[in-house]
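>
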Amino acid sequence: MAAKNYQVAEILYMVADYLDLEGEEFKVRAYRRAARSIENLSQSIEDVAKSGKLQEIPGVGEAIAKKIDEFLRTGKMEHLEKLKRKSPVDMESLNAVESLGPKKIKLLYQRLGVRNVEHLSKAAKEAKIRGLPGFGELSESKILQSLGNVSSNKRRFPREEVVPIAEMIRKKLQSMNVVEKVEVVGSYRRKKETVGDLDILVVSSSPSEVMDAFLNIDGIDHTIGEGEKKASLVLDNGLQVDLRVVGAESYGAALIYFTGSKYHNIRLRKIAIKKGYKLNEYGLFKGDEMVAGSTEEEVYRELGLDYIDPENREE
DNA sequence: GAGACGTCGCATTGAC
DNA sequence: GTCCATGCGA
DNA sequence: GTCTC
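In the working numbering, the protein residues as written are 720 to 1034.
(1) As an exercise, report each continuous alpha helix (DSSP H) stretch of at least 4 residues that is fully enclosed by the stretch 728-781, in chain order.
(2) If you draw a straight line from the C-alpha of residue 777 to the C-alpha of residue 810, how long is it?
(3) Report yes if the CB atom of residue 854 is closer than 8 Å to the CB atom of residue 904, and no otherwise.
(4) If residue 1016 sits next to residue 1026, beta carbons under 8 Å apart, how far is it from one beta carbon to the other, in whole angstroms?
(5) Quick check on this structure: which residue in 836, 831 and 942 has the alpha carbon closest to the alpha carbon of residue 814?
(6) Sort out for me which residues DSSP pairs residue 998 with in a bridge.
(7) Taking C-alpha atoms, which residue in 991, 909, 728 and 780 lies nearest to residue 755?
(8) Could you tell me which whole alpha helix (DSSP H) segments of length 4 or greater appear in the stretch 888-920?
(9) Tell me whether the beta-carbon of residue 974 lies closer than 8 Å to the beta-carbon of residue 902.
(10) Please confirm if the stretch 885-900 is in contact with the stretch 832-850, defined as three or more CB-CB distances below 8 Å between the two stretches.
(11) One question on the structure: do residue 951 and residue 961 come within less than 8 Å of each other, judged by their Cβ atoms?
(12) Give the straight-line distance between the Cα atoms of residue 822 and residue 896, rounded to the nearest whole angstrom.
(13) Can you tell me where the alpha helix (DSSP H) with residue 826 in it begins and where it stops?
(14) Does DSSP classify residue 884 as helix, strand or coil?
(15) How would you label residue 859, buried or exposed, when you count the other beta carbons within 10 angstroms and need 16 or more for buried?
(16) Between which two residues does the beta strand (DSSP E) carrying residue 925 extend?
(17) Are residue 971 and residue 1012 touching if we call contact CB-CB under 8 Å?
(18) With hydrogens ignored, establish whether the beta-carbon of residue 1004 is closer than 7 Å to any heavy atom of the ligand NAD.
(19) Counting C-beta neighbours from all protein chains within 10 Å, is the total for residue 745 16 or more, i.e. buried, or is it exposed?
(20) Helix, strand or coil for residue 1038? Go by DSSP, reduced to three states.
(21) Could you check what DSSP says for residue 859 in three-state terms: helix, strand or coil?
(22) Going by beta carbon distance, what residues of the same chain come within less than 8 Å of residue 767, once the five residues before and after it are set aside?
(23) If you measure between the beta carbons of residue 839 and residue 857, is that distance less than 8 Å?
(24) Pull the bridge partners of residue 932 from the DSSP assignment, please.
(25) By Cβ distance, which residues of its chain are closer than 8 Å to residue 878, with the 5 residues on each side in sequence left out?
(26) Using CA atoms only, rank isn't needed, just tell me which of 731, 876 and 938 is closest to residue 803.
(27) Express the C-alpha separation of residue 948 and residue 935 in angstroms, rounding to a whole number.
(28) Take residue 758 and list the residues in its own chain whose beta-carbon comes closer than 6 Å to its own, dropping the five residues that flank it on each side.
(29) State buried or exposed for residue 924, treating a residue as buried only when at least 16 other CB atoms are found within 10 Å of its CB.
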């Protein structure tokens, strides 16, 4: 895969981040969608551009195609340069800080003049952030914690590296007698070469016991959150693991939903709408009535589709 | 050309 | 303490 | 900004 694809995607993500700060909503999604398409492209973006078929990429229309062309020809994108010049803050670094999104970044700038991570770190250490609307003492310490984590954050893990971990967790949960089903979903189930995190789906009559077991597996660095149906933690090696517990009646729909890909879900959802249904992680509904949900096969069948293997759910 | 663009659980605040 | 609104993340 | 209707 040409390295250019990755660069183009990165640039589009950056444009999205800056637009996000300006309060744009749908353009942001549009740029991120285009970026994701290009990441997943099987051909080199340069070849696609040469044959003038950029607009055939999902999410790429006239405007973005033009910008990609510009970048491939000149190595720059004026649109992004302009956004950067206009922006008072360094979105690239600030947006990478956990728990900070566009709204909070904007507020930190307006109230404290925070433009980059150095300013942020200083403000947090001086306890200036607590007290701002929407921030408390806890938010402040989370920011500091996240700033300390920057290096270990965000890498993707080779599949081989996570298989033993996934299996360990799966076996541990499966051995519990309140657990009916366990599946490792997400890109792991789609058998991608790398995974960003591990997603685990469980059916159980006693979610709280499952949560408890999950939060006590070996090798936990820290937990990110825990609720009745959902928990997230980070292992010593930096891998994030998310757990979700659902009812048996929703198992199939949840499998589909959490296995993804996102594109695949969007496609299914559209097909569902066209047929007068609504599809979500809980099931396939006609009005308020669930017509399918306990198995994947059932949901696909009801949508008029043959079963699609997880590996083939990229689009 | 107009209108939609996913949706929801969780953490945290802040009001009561 | 409970309940709500908001932002974030997925 | 892009896609669908």
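Glycine residues also receive a C-beta, built at the ideal position from the N, C-alpha and C atoms.
Keep in mind it's a predicted model, so treat the numbers as computed, not measured.
Taking the geometry as given:
(1) The qualifying runs are 745-758 and 764-769.
(2) 26 Å
(3) no
(4) About 5 Å separates the two Cβ atoms, so the contact holds.
(5) 836
(6) 1003
(7) 728
(8) 905-908
(9) Yes. Within cutoff.
(10) no
(11) Yes, Cβ-Cβ distance for residue 951 and residue 961 is below 8 Å.
(12) About 44 Å.
(13) 821-831
(14) helix
(15) buried
(16) Here residue 925 belongs to no beta strand (DSSP E), and DSSP marks it neither H nor E.
(17) yes
(18) Within the structure as shown, the ligand NAD is missing, as the structure has no ligands at all.
(19) exposed
(20) Residue coverage of the chain in this structure runs from 720 to 1034, which leaves residue 1038 outside it and unanswerable.
(21) helix
(22) 760, 773, 775 and 776
(23) no
(24) Paired residues: none, contrary to the question.
(25) Counting only Cβ-Cβ distances below 8 Å, and skipping sequence neighbours, we find 907, 910, 911, 912, 913 and 914.
(26) 731
(27) Straight-line measurement puts the Cα of residue 948 at about 16 Å from the Cα of residue 935.
(28) 728
(29) exposed
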